[in-house]
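Colleague: Protein chains in written order, with the numbering used here: chain Y, 1 to 514; chain B, 1001 to 1514.
Beta carbons: idealized from backbone N, C-alpha and C, even for Gly.
2 protein chains.
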Amino acid sequence: MASLLRTAGRARPAIARSIVRPTSRSTPIALQRHYASAAAASAVAPNNSTPALFPDEPSGPIIRTEIPGPKSKDAVERLGKVFDTRSLNMMANYNQSYGNYIADLDGNVLLDVYAQIASIPVGYNNPTLQLAATSPEMASAIINRPALGNFPQHDWADILETGILSVAPKGLNQVFTAQAGSDANELAYKAAFMYRRQQERGGANVEFSEAEMTSSLTNQSPGAPDLSILSFKKGFHGRLFGSLSTTRSKPIHKLDIPAFDWPVAPFPDLKYPLDQYAAENQAEEQHCLAETERLISEWHSPPAAVVVEPVQSEGGDNHASPAFFQGLRDITKKHNILFIVDEVQTGVGATGKFWAHDHWNLDTPPDMVTFSKKAQTAGYYFGDDALKPNKPYRQFNTWMGDPARAILFRAIIQEIERLDLVQNTAVTGAYLYDGLQRLSEQFPGEIQNLRGKGQGTFIAWDSPRRDEVLKKAKGVGINVGGSGERAVRLRPMLIFQQKHADLLLEGLDKIFKS
Amino acid sequence: MASLLRTAGRARPAIARSIVRPTSRSTPIALQRHYASAAAASAVAPNNSTPALFPDEPSGPIIRTEIPGPKSKDAVERLGKVFDTRSLNMMANYNQSYGNYIADLDGNVLLDVYAQIASIPVGYNNPTLQLAATSPEMASAIINRPALGNFPQHDWADILETGILSVAPKGLNQVFTAQAGSDANELAYKAAFMYRRQQERGGANVEFSEAEMTSSLTNQSPGAPDLSILSFKKGFHGRLFGSLSTTRSKPIHKLDIPAFDWPVAPFPDLKYPLDQYAAENQAEEQHCLAETERLISEWHSPPAAVVVEPVQSEGGDNHASPAFFQGLRDITKKHNILFIVDEVQTGVGATGKFWAHDHWNLDTPPDMVTFSKKAQTAGYYFGDDALKPNKPYRQFNTWMGDPARAILFRAIIQEIERLDLVQNTAVTGAYLYDGLQRLSEQFPGEIQNLRGKGQGTFIAWDSPRRDEVLKKAKGVGINVGGSGERAVRLRPMLIFQQKHADLLLEGLDKIFKS
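#1: Does the beta carbon of Y/F496 come closer than 8 Å to any beta carbon on chain B?
#2: Quick one: which chain B residues come within Cβ less than 7 Å of Y/Q376?
#3: Please report how far the alpha carbon of B/R1394 lies from the alpha carbon of Y/S440, in whole angstroms.
#4: Taking a contact to mean a Cβ-Cβ separation below 8 Å, would you say Y/F409 touches Y/A375 in this structure?
#5: With B/R1466 as the anchor, note down where its alpha helix (DSSP H) starts and where it stops.
#6: With a threshold of 8 Å between beta-carbons, can B/L1053 be considered close to chain Y, or not?
#7: According to a CB-to-CB cut-off of less than 8 Å, which residues of the region 1089 to 1107 of chain B neighbour chain Y?
#8: Quick one: does Y/P302 have its CB under 8 Å from some CB of chain B?
#9: State the DSSP-derived secondary structure class of B/I1511, mapped to helix, strand or coil.
#10: Can you have a look at Y/Q199 and say buried or exposed, based on whether 16 or more other CB atoms are within 10 angstroms of its CB?
#11: Taking only beta carbons into account, state which residues of the region 1077 to 1089 of chain B come closer than 9 Å to chain Y, listed in chain order.
#12: Taking Cβ to Cβ, would you say Y/A184 is nearer than 8 Å to Y/A378?
#13: Would you mind telling me which residues of chain B sit closer than 8 Å to Y/K373, beta carbon to beta carbon, in chain order?
#14: Are at least three pairs of beta-carbons, each pair with one atom in the region 140 to 159 of chain Y and one in the region 190 to 207 of chain Y, less than 8 Å apart?
#15: Using a Cβ-Cβ cut-off of 8 Å, state whether Y/N125 counts as contacting chain D.
#16: Roughly how many angstroms lie between the CA atoms of Y/Y124 and Y/M493, to the nearest whole one?
#17: Buried or exposed: Y/G203, going by 16 or more other Cβ atoms within 10 Å of its Cβ?
#18: Pick from Y/Q174, Y/S216, Y/P444, Y/A178: whose alpha carbon is nearest that of B/T1247?
#19: Hey, quick one: how far does the alpha helix (DSSP H) through B/T1377 stretch, first residue to last?
#20: Check whether the region 1313 to 1321 of chain B and the region 1248 to 1268 of chain B are in contact - that is, three or more C-beta pairs closer than 8 Å.
#21: So is B/H1287 in contact with chain Y if we call contact Cβ pairs under 8 Å?
#22: Between Y/K499 and Y/V422, is the Cβ-Cβ spacing less than 8 Å?
#23: For B/A1586, I'd like the list of residues in its chain whose CB is within less than 6 Å of its CB, leaving aside the five on either flank, ordered along the chain.
#24: Please classify Y/A304 as buried or exposed, where buried requires at least 16 other C-beta atoms within 10 Å of its C-beta.
#25: Going residue by residue through the region 371 to 420 of chain Y, where are the continuous beta strand (DSSP E) segments of at least 3 residues, counting only ones entirely within it?
#26: Figure out for me which residue from Y/T218, Y/K234, Y/Y195 has the closest Cα to the Cα of B/G1235.
#27: Reducing DSSP to helix, strand and coil, say where B/L1172 ends up.
#28: So, with DSSP's three-state summary, where would you put Y/S72?
#29: Determine the extent of the alpha helix (DSSP H) in which B/S1313 is found, giving its start and end residues.
#30: Please report the distance separating the alpha-carbon of B/V1044 from that of B/L1490.
#31: Under 8 Å, do B/V1175 and B/L1165 count as touching if we go by C-beta distance?
#32: Measuring alpha carbon to alpha carbon, tell me which residue in B/A1487, B/N1449, B/I1459 is nearest B/I1467.
#33: Taking the C-alpha atoms as reference points, what is the distance between Y/Y272 and Y/K233?
#34: Assuming B/I1495 and B/V1113 form a contact by the criterion Cβ under 8 Å, report the distance between their Cβ atoms to the nearest whole angstrom.
#35: Measuring CA to CA, which of B/E1298, B/G1454, B/A1411, B/G1181 is closest to B/A1350?
#36: Might you give, ordered along the chain, the residues of its own chain that have their beta carbon closer than 7 Å to the beta carbon of Y/L88, omitting 5 neighbours on each side?
Pasting the structure below:
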């Protein structure tokens, strides 16, 4: 492994700025203590020369007990009495977690490349976020939560403009805020249905018919129209009833839940390494596009929109080329239906661009882009005013998002910009991919179909003993997750650096040798 | 009006405890200033002798300009460029809002009996909530948001037990947490469908068939079963695709959105005053129950559950008697389907009991009770372990609720208990209802079908010029909302006291005389 690391140690652009501990009086005492202890831990010399983004981070994982250890076992048993713990992976002590490291209750501290299912962007107990979280405006947002559609707070335009909208995808300049990925997608679907029916009706000024009004209340057409959203095999868009109808990841996500009879198109099943199978993969993508177009033309409930993830994440980290997505954009334009890009997992920097669809170089932007997870808030971006329903109270709910989380996302954006974290992720991702490439050559039975080259740290591979690898990773100090049936997926935070990549590669090497 | 108020001034149990300003160092400076200014405002003598729960509150509304005033108009115009403002009621300055009073940008301060669509429980800038919101554990919950199903925090059992679960409805002892009312209902529906199919399959140990696994991915039966949720005409259960399929409040909530072909039963259309129409109303409720039972037996997609609100809120504040709900419980038991009570708007004290269904004296508890709004978090309570799906990852999503909001609900619960606010609401509600009763006799054309007697402050009436009344209310210093086609609905906070009721009655008197 030592030689592997040495050969990997090429020169990289240095990331000069670093996270500075807050000195404000408002820092809670518990956190001040934590900083002090983290500083003591970091007295150990860093294991390489890259300037640290989180200087006070532990220098590596700390394993004190089996995982779960005795304290964790007791706590899980207690929690099990009031909360379903069958999907529990690890009980965490977030007071002791810092930067890329997650702590448990037994003193174990793991390098976290799963990051709360890809949803922690800039490190546990990030000091900049801590300042935002303890600000008077955050306190007010928490205790005076408004019904935003009716009684927005005086600075809501500011919060949107300096936060969520400041990172709007190219070509889009408006947002409808939501609470999580599932409802963000469903709100986008609703916007698509209202847009479609408005077109069919003859425009925004045409009133609803009596038949529409009446039938809407009994869930019948024309008021509740026979329209659909087209999604892709193995896609994941959430687990509420509308979003779940577009989710096709695994039976366990869908069994026993009624679903809309909506169309599902094949998603490209690419062969790796890509350069060896260029012709086959191109043919596969053409086949999927043709089948998508056929379904759009022939499905009994016409699609109002196509929804797609830039990388199918829960479904197994399935990639497609920019040409495929350009093709989807062309087909949706041709058939006058909307193109929704679900960036809930791919968005906010993880692929080495702020939005993963920035990799596609589309001629015209998606009609809507949905987001959540690392944004810590949610919603859909759009640009066309016609996507606003023709009357108020059509796209509406009590809270319509959450200023507290919008304020937090603004702080996250500022941190990403201050530390140039999208660039860091592109650079670290390339370094990590190279290391994994070498590991896959050394252990071809362990790392198969390595994918995510040029996609930041959004990297995955197939493993014939995936669940065993995930479990053994804890023993070598790494918290890592899976996706699909046999993929190991890496979802580190945006503060993941070369030294962390080295630790990950070392840990994998240990597992593969075991 | 003066005589009206005097005759209303009966002796009431005094609420002795009051909200004490926090003295902690962690109180933000902005808030300290606010307390100082609020204290100055309260130098004006209180307008009656009831001990004040919020001593520093303004002594009454302050109207400085037309509403919206010039500053609000400018701000709304600016917000309109990035956010849909067509449903905007009033832009608020929450820094200047306190207790029962909401402030705008022009120095106007209104008595708020709408409270963010019934979702603010214990007053704007409540000092106790302020302490919770500025605590280190809140900061950690905000910046280290866990994926609760996988990586719960070490104190999650504590937070549940001392918070959400400490107010679990009688007979229920478990909770699945969510983010808002819509998804709380949808998660309850999912639990109902999984429970039903598990029964049909022969129990928790029977594996899914290959046909179920395969068909689930194409949204076809048997994997995606032809089952339904039965709801009621004018019911409102949310606006996502599954919840919207059970919502039947108004066409504007449903138009153009595809919906499941699920059954809808009539909800009692009671005549007022109730004591004059006892026989007719009883017959009406029996008719609705019979029709519900017929639909359960005959609907093409069998219902897995019946969902009902204790008071249909968005649909126009429609009440039914405890006997009706007891009848629903009996019918669901008889047909072995689940009974879900949607307490999103009625829960957390507003009806003078913590849960509105406490008024019904059921023999057996509901199978699930959903909640949100005043709880500031959301979820469904249940008691039967069989309502947990047989395998992990079936009822699951990334965040599965939010510890930050669960911590806030715990503080809300503590505040409700400390100040005996459910009792306060029962007492104030009775006082207010009596006052409205007298007003309705004085202005029979203005207050029709007054309802909510014995239901705390959860009071409404029909108004032939409803929208005009709501608008004029702002001019007399009152922020009040409507529901359904012509109801004025009162949704004050739990800190609403006799003096506030007097101000409300005075204001209504002014409007009716105008």
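Modeller: So, to answer that:
#1: For the purposes of this step, residue 496 of chain Y is taken as residue 496 along the first sequence, with counting starting at 1. For Y/F496, the answer is no, since every Cβ of chain B falls outside 8 Å of its Cβ.
#2: Translated into positions along the first sequence, residue 376 of chain Y becomes position 376. Going along chain B in sequence order, the residues near Y/Q376 (Cβ under 7 Å) are R1145.
#3: Mapped onto the second sequence, residue 1394 of chain B falls at position 394. Mapped onto the first sequence, residue 440 of chain Y falls at position 440. Approximately 34 Å between the Cα atoms of the pair.
#4: Within the first sequence, numbered from 1, the residue matching residue 409 of chain Y stands at position 409. Within the first sequence, numbered from 1, the residue matching residue 375 of chain Y stands at position 375. Contact: yes.
#5: Here residue 1466 of chain B refers to the residue found at position 466 of the second sequence. Looking at the DSSP string, the run of the alpha helix (DSSP H) that includes B/R1466 is 1466 to 1475.
#6: Reading the second sequence from its first residue, position 53 is the one you call residue 1053 of chain B. Not an interface residue.
#7: N1089, M1090, M1091, A1092, N1093, Y1094, N1095, S1097, I1102, L1105
#8: Here residue 302 of chain Y refers to the residue found at position 302 when the first sequence is read from its first residue. Not closer than 8 Å to any Cβ of chain B, the Cβ of Y/P302 fails to qualify, so no.
#9: Counted from its first residue, the second sequence places residue 1511 of chain B at position 511. Looking at B/I1511 - three-state DSSP - the assignment turns out to be helix.
#10: The count along the first sequence starts at 1 and reaches residue 199 of chain Y at position 199. Burial call: exposed.
#11: R1078, L1079, G1080, K1081, V1082, F1083, D1084, T1085, R1086, S1087, L1088, N1089
#12: Counted from its first residue, the first sequence places residue 184 of chain Y at position 184. Counted from its first residue, the first sequence places residue 378 of chain Y at position 378. The answer is yes: Cβ separation under 8 Å.
#13: Position 373 of the first sequence, counting from 1, holds the residue named residue 373 of chain Y. Those within 8 Å of Y/K373 in chain B are T1398.
#14: no
#15: The structure shown contains no chain D; its protein chains are Y and B.
#16: Within the first sequence, the letter at position 124 stands for residue 124 of chain Y. Within the first sequence, the letter at position 493 stands for residue 493 of chain Y. Cα-Cα distance, rounded: 10 Å.
#17: On the first sequence, position 203 is the one that residue 203 of chain Y refers to. Looking at its Cβ environment, which holds fewer than 16 other Cβ atoms inside 10 Å, Y/G203 is exposed.
#18: The residue you call residue 1247 of chain B lines up with position 247 of the second sequence. Closest by alpha carbon: Y/S216.
#19: In the second sequence, residue 1377 of chain B corresponds to position 377, counting from 1. No alpha helix (DSSP H) contains B/T1377, which DSSP labels as neither H nor E.
#20: yes
#21: Here residue 1287 of chain B refers to the residue found at position 287 when the second sequence is read from its first residue. No, B/H1287 lies away from the interface with chain Y (no Cβ there is under 8 Å from its Cβ).
#22: Indexing the first sequence from 1 puts residue 499 of chain Y at position 499. Indexing the first sequence from 1 puts residue 422 of chain Y at position 422. Cβ distance not < 8 Å, so Y/K499 and Y/V422 don't count as in contact.
#23: What the structure shows of chain B is the stretch from 1001 to 1514, and residue 1586 of chain B is not part of that stretch, so it cannot be assessed.
#24: The residue you call residue 304 of chain Y lines up with position 304 of the first sequence. Buried: at least 16 other Cβ atoms inside 10 Å.
#25: 378 to 382
#26: In the second sequence, the residue the question calls residue 1235 of chain B occupies position 235. Of Y/T218, Y/K234, Y/Y195, the residue nearest in Cα terms is Y/T218.
#27: Within the second sequence, the letter at position 172 stands for residue 1172 of chain B. The answer is coil: DSSP assigns B/L1172 none of H, G, I, E or B.
#28: Against the first sequence, residue 72 of chain Y aligns to sequence position 72. In this structure, Y/S72 counts as helix in the three-state DSSP scheme.
#29: As a working note, residue 1313 of chain B is residue 313 in the second sequence. Unbroken run through B/S1313: none, as it is neither H nor E.
#30: Indexing the second sequence from 1 puts residue 1044 of chain B at position 44. Indexing the second sequence from 1 puts residue 1490 of chain B at position 490. In this prediction, B/V1044 has a pLDDT of 36, which is less than 50 and means its spatial position is unreliable; what the coordinates show is noted afterwards. Their Cα atoms are separated by approximately 27 Å.
#31: Stepping through the second sequence from its first residue, residue 1175 of chain B is reached at position 175. Stepping through the second sequence from its first residue, residue 1165 of chain B is reached at position 165. Cβ atoms of B/V1175 and B/L1165: closer than 8 Å.
#32: For this step, residue 1467 of chain B is matched to residue 467 along the second sequence. Checking the displayed sequence, the identity of residue 1467 of chain B turns out to be Asp instead of Ile. With distances taken between Cα atoms, B/D1467 lies closest to B/A1487.
#33: Here the question's residue 272 of chain Y lines up with position 272 in the first sequence. Here the question's residue 233 of chain Y lines up with position 233 in the first sequence. Going from the Cα of Y/Y272 to the Cα of Y/K233 covers about 19 Å.
#34: The residue you call residue 1495 of chain B lines up with position 495 of the second sequence. The residue you call residue 1113 of chain B lines up with position 113 of the second sequence. Actually they do not touch by this definition, with Cβ atoms about 12 Å apart.
#35: Counting from one through the second sequence, the residue named residue 1350 of chain B turns up at place 350. Comparing Cα-Cα distances from B/A1350 to each of B/E1298, B/G1454, B/A1411, B/G1181, the minimum goes to B/G1454.
#36: As a first step, residue 88 of chain Y must be located in the first sequence, where it is residue number 88. Around Y/L88: V76.
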